[in-house]
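Residue numbers (the working numbering): -13 to 63.
So, in structure tokens, the structure goes:
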């Protein structure tokens, strides 16, 4: 449960960073909206799978990977 909350806390800013990068690359609002929708749905599905199916170690690994990805993207921008 805690790992899923960590995923949500890191995943929501990650969605915003992805949307900003899509805006910088294309400049089209349709692409930004699609990128945000795909990232948000992926985040929601991953959260549900983490709560229901994945074992604890794998859940923490996924949450750590998302936190690391957010850190790298924030430092790179």
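All residues carry an ideal CB built from backbone N, CA and C; glycine is no exception. Since we're looking at a predicted model, the values are computed, not measured.
- Residue 9 sits in a helix when the DSSP states are folded into three classes.
- Judged by DSSP secondary structure, residue 32 falls within the alpha helix (DSSP H) whose first and last residues are 15 to 38.
- Judged by DSSP in its simplified three-state form, residue 60 adopts helix.
- A distance below 6 Å between beta-carbons, with the five flanking residues on each side excluded, links residue 16 to no residue of its chain.
- Using a C-beta cut-off of 8 Å, the region -11 to 3 makes contact with the region 22 to 38, since at least three inter-stretch Cβ pairs fall below that distance.
- Here residue -6 is near residue 33, since their CB atoms are less than 9 Å apart.
- The beta carbon of residue 59 sits closer than 6 Å to those of 3, all from its chain and outside the five residues before and after it, given in chain order.
- Between residue 6 and residue 18, the alpha-carbon positions lie close to 8 Å from each other.
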